[in-house]
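A.B. asks: Before I ask anything, here is the structure I am working with.
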Amino acid sequence: MTSGHSRVATLADVAARAGVSRATASRVLNGSTRVVAEELRGRVLAAAGELGYVANTAAQAIVRGRSGSIGLLVGAIPDDYFNPIAVGVLNAAQRRQVMVTMAVSGDDHSQAAEIIAGFRAQRAKLLILSGSRRSDGEVRGADPVAEGLAAFSAEGGRVVLIGAHDLPYDCVRVDDHEVGRLMVQRYLELGYRDLTIFAGEQAQGTPGSRRTAGAVAALREAGVELGSDRIIHSPFTRDGGYIAAGEFIRRGRPTRAVLCVADSVALGAMARLRESGIALGTDVAISGVDDLVALRDVTPALTTVKLPWVEVGAKAFELGLDEGADAPREIVMHGHVITRESTPPA
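All residue numbers for the sequence shown refer to our numbering, where the first residue is 4 and numbers rise by one.
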């Protein structure tokens, strides 16, 4: 580095000096397996040498005044939905020998904003958020979480969101619309055409609403119009499923099949249906989404759409450490149906 040059060289500096994109410079300097032309590789390495670029992330954290720590902010710990995501992040971090600080915000956006401010004060390198903000523009008025993330990013921190969102950051999400379609397609293959959906909360921009929309679309394509009386809203929880099943019973069990938008909802529904003497799988077929570990103890075994939450967490971590992109990136993960005893052929 030129004598008297007090500012630490960044990846962007190297890319500019070499006349390549940040993505190309990152592939060369961060050991990516993607092929880079030898001529470009030589230019990047020469520029890095001239500028004294430090490729080691720990050293970069020190000289740039950032702690190098990584934060994981989740909406809740008790929900099995979040546990595998945390496992994915922590496993990926362990492979990199990096420590992760995990915090829980619940459903309180102001608390989430305070936690983000805490990570800002620690000058964390990366912040991964899962389930701490309503997605798809559902936040109205001031959004303290979005404002906190903007400040964190402006100060040099990287942000990765897990789940669909409308903010200008990298994200990893599952295709919830596809999830609903997949489960309907399996029901149709099994001979069921009339379904009731336990849809979770009545709000737009949630996983439950997107899965419901996918299910309704798939039924419509099969020539089945789902009336509003076939969609029952309740909290996106085990207790919510219990409530939805009670309403289903009150309505006279209008269908022989129930599609729950989450396994947690299905578990509560199964308990309520069983209390009423309804034979699960025989009188009423039922399915969920997620493939939670808790399903191992459920009888009959629950049909579900397995979602790759551990892989989602790992992808989010790796995406956050990759500084080679010039624009926000989105990685979409997919699920697949596991058919079990709760949905025998009609």
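Every residue, glycine too, gets a C-beta built ideally from N, C-alpha and C.
1. May I have the straight-line CA-CA distance separating Ala328 from Ala106, to the nearest angstrom?
2. According to the Cβ coordinates, are Leu14 and Arg25 closer than 8 Å?
3. If you follow the beta strand (DSSP E) that Ile73 is in, where does it begin and where does it stop?
4. Could you pull out every unbroken beta strand (DSSP E) segment of at least 3 residues lying fully inside the stretch 282-316, listed in chain order?
5. For Ile88, is the beta carbon positioned less than 7 Å from some heavy atom of the ligand NAP?
6. If I measure Cβ to Cβ from Ala96 and keep anything under 8 Å in the same chain, skipping five residues before and after, which residues do I get?
7. Going by the CB atoms, is the gap between Gly323 and Leu129 shorter than 8 Å?
8. For Glu333, which three-state DSSP category applies?
9. From Val261 to His339, what distance separates their C-alpha atoms?
10. What's the C-alpha gap between Ala216 and Gln125?
11. Tell me the rounded alpha-carbon separation between Gly78 and Asp232.
12. Mapping DSSP to helix, strand and coil, what is His236?
13. Within the continuous beta strand (DSSP E) that includes His350, where are the two ends?
14. Select from Ile281, His180 and Leu298 the residue whose C-alpha is nearest the C-alpha of Val264.
15. Pull up the distance between the alpha-carbon of Ala206 and that of Val308, whole angstroms please.
16. What does the alpha-carbon distance come out to for the pair Leu222 and Thr258?
17. How about Gly243 and Val268: are their beta carbons less than 8 Å apart?
18. Going straight from the alpha carbon of Glu326 to that of Asn94, what length do you get?
19. Determine the closest residue to Arg189 out of Asp293, Thr240, Gly249 and Pro347, with distance taken between C-alpha atoms.
20. Please tell me whether Leu270 and Val301 are closer than 8 Å, where the distance is taken between their beta carbons.
21. Taking the C-alpha atoms as reference points, what is the distance between Ile334 and Gly255?
22. With distances taken between CB atoms, is the gap from Pro147 to Ala127 smaller than 8 Å?
23. Going straight from the alpha carbon of Lys318 to that of Leu310, what length do you get?
24. Take Glu344 as the anchor and find which of Leu193, Val38, Glu224 and Leu170 has the nearest alpha-carbon.
25. Across which residues does DSSP place Ile200 in a beta bridge pair?
26. Can you give the Cα-Cα distance for Asn86 and Phe239, rounded to whole angstroms?
27. From Thr27 to Ala12, what distance separates their C-alpha atoms?
28. Does the Cβ-Cβ distance between Val292 and Val187 come in under 8 Å?
C.D. replies: Checking against the coordinates, here is how it stands:
1. 27 Å
2. yes
3. Ile73 to Val77
4. 288-293 and 306-309
5. As for the ligand NAP, it is missing from this structure, which has no ligand bound.
6. Ile73, Met102, Val103 and Phe320
7. yes
8. strand
9. 18 Å
10. 41 Å
11. 31 Å
12. strand
13. Here the chain covers residues 4 to 349 and nothing more, so residue 350 does not appear.
14. His180
15. 22 Å
16. 14 Å
17. yes
18. 20 Å
19. Pro347
20. yes
21. 42 Å
22. no
23. 14 Å
24. Leu193
25. Ile234 and Leu262
26. 16 Å
27. 16 Å
28. no
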